[in-house]
Amino acid sequence: MPLNKENSIENRKEESKKVNYSLIPPFPKEFLIDITSLCNHTCTFCSNRKMSNKKHAEPSLVYKILEEAKNEGAKSVGLYATGEPFLNKELESYIKFSKKIGYDYVYITTNGAACTPKRMETAINNGLDSLKFSIHGGTSETYNKIHGKNDFERVIKNLKWVDEYRKKNNKDLKIYVTMVETHENKSEVEKLKEIVLPYIDGWDPHLMNNSCGTMPENNEIGKIEENNIRGRNHSGVCFQPFGSFTITAEGYLSGCVLDYHKALVIGDCNKSSLKDIWQSKIYQNWRKRHLEDKTKGYICYNCIYNKTESYDSIIPGTLEIPVE
Ligand code: SF4
């Protein structure tokens, strides 16, 4: 299947780098909604397992956000953030609605274990543009150790099924695989690539990070790279507060996709409009802190400098203390 160049993952990444580093940047073209913060896996490096109060987002809120963001100029939406999107039975309806109201690109990242061919078929026929599988091992044994569930065979079977389905039915769906490299799985990177490459459009490995300082133990289980935007000694300015946002399952607008513990909540979409929050004084002050490298006392400091210092939320009272 020819890859549509306009929507290739490389092009989309290049686009996302075109960030306007001003105090009130234009409304983002792309954002994420965490339709559920529940997850069926417990990956060793992921802060999801330390989240409290996991839940599905209220459907009325999801529809409201999708419509509002579209009216403000958003073109792409990711229907996931901290959880596994296929655990939410509304996923396929959200995809359908997003495409109906005109989003150009609707995508998800999944561990590929909670879905069935029937559900994937509906998701694709409802207009899903890309599906990224997170697979962190090249054998059942390692996969089990990292994901906490023995779903390797099932996931590979689902991946192959999607590829076959799209080819048979001439669907313009992109399939990607991402892998977070740890000490435990690094000898299996080539093995996994060999298994998945015949079925996918792109291999999209992710660098290890400390999940904003909430997973300092990740320094033990993998290597946190220098100059990783989510790692130590990153010298530039993080793009997140300027180029995108994430709606949490509670309906908060958070300044970062990695905000597992609501430390970067800027506003409540149940009470305020997206535009008002995007342009708010709180967000402007937060962006100023990033531009002036004054994030000490906030989770971004831990993220940028790979520290474990105590932090508070931007808005008092939203912070959830990680469950150890
Ligand atoms: S936690 Fe802060 S510095 Fe790290 S990626 Fe998110 S917004 Fe950027």
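In the numbering used here, the protein residues as written are 159 to 482.
Here a beta-carbon is modelled for each residue, glycine too, at the ideal position from N, C-alpha and C.
None of these values were measured; they are calculated from a predicted model.
With residue i as the anchor, note down where its beta strand (DSSP E) starts and where it stops.
i: K290; result: 288 to 292
i: K332; result: 332 to 336
i: T268; result: 263 to 268
i: D426; result: 423 to 426
i: L411; result: 410 to 412
i: G236; result: 234 to 236
Below 8 Å on the Cβ atoms is my guess for residue i versus residue j; work out the distance and round it to an integer in Å.
i: C414; j: Q437; result: That belief does not hold up - the Cβ atoms of C414 and Q437 are roughly 18 Å apart, past 8 Å.
i: T476; j: G371; result: Between G371 and T476 the Cβ distance is about 17 Å, and since that is not below 8 Å, they are no contact.
i: S210; j: E478; result: 5 Å
i: I462; j: C396; result: 7 Å
i: L224; j: S256; result: 6 Å
i: E342; j: K303; result: 6 Å
i: K254; j: N284; result: 4 Å
i: I118; j: L411; result: Residue coverage of the chain in this structure runs from 159 to 482, which leaves residue 118 outside it and unanswerable.
i: N368; j: I382; result: 6 Å
i: T340; j: F203; result: 6 Å
i: G409; j: N428; result: 5 Å
Would residue i pass as a contact of residue j if the rule is Cβ separation under 8 Å?
i: E242; j: T268; result: yes
i: V264; j: L237; result: yes
i: V220; j: Y252; result: yes
i: Y357; j: D309; result: no
i: H214; j: T240; result: no
i: H305; j: V338; result: no
i: M278; j: N316; result: yes
i: N198; j: A281; result: no
i: I472; j: D192; result: no
i: Y418; j: K208; result: yes
i: T297; j: K344; result: no
i: L355; j: A227; result: no
i: E248; j: P275; result: no
i: F244; j: C201; result: no
Along the chain, where does the alpha helix (DSSP H) containing residue i start, and where does it finish?
i: E188; result: E188 -> not in any alpha helix (DSSP H); beta strand (DSSP E) instead, spanning 188 to 191.
i: V485; result: Summary: the structure shown does not reach residue 485, with the chain confined to residues 159 through 482, and so no result is reported for it.
i: C461; result: 457 to 463
i: N407; result: Looking at the sequence provided, one finds Ala at residue 407 rather than Asn. Note, A407: premise wrong, no alpha helix (DSSP H); not H, not E.
i: E226; result: 217 to 230
i: Q442; result: 439 to 449
i: Y401; result: Note on residue identity: the sequence assigns Gly, not Tyr, to residue 401. Element bounds for G401: 398 to 401.
Count the other C-beta atoms from every protein chain shown that fall within 10 angstroms of the C-beta of residue i, then say buried if there are 16 or more, exposed otherwise.
i: E188; result: buried
i: H448; result: buried
i: I182; result: exposed
i: I435; result: buried
i: P184; result: exposed
i: E346; result: buried
i: K420; result: buried
i: K474; result: Note that residue 474 is Pro in the sequence shown, not Lys. With fewer than 16 other Cβ atoms within 10 Å, it is exposed.
i: E311; result: exposed
i: E352; result: exposed
i: E168; result: exposed
i: D451; result: exposed
So is the beta-carbon of residue i under 7 Å away from any non-hydrogen atom of the ligand COA?
i: I457; result: Of the ligands this structure carries, namely the ligand SF4, none is the ligand COA.
Query raised in the report: If you pair each beta-carbon of the region 284 to 304 with each one of the region 329 to 347, do three or more pairs fall below 8 Å?
Result: Cβ pair count under 8 Å is three or more, so yes.
Query raised in the report: Does the region 399 to 411 come within contact of the region 370 to 384, defined as at least 3 CB pairs closer than 8 Å?
Result: Counting C-beta pairs closer than 8 Å gives fewer than three between the region 399 to 411 and the region 370 to 384, which falls short of the contact rule.
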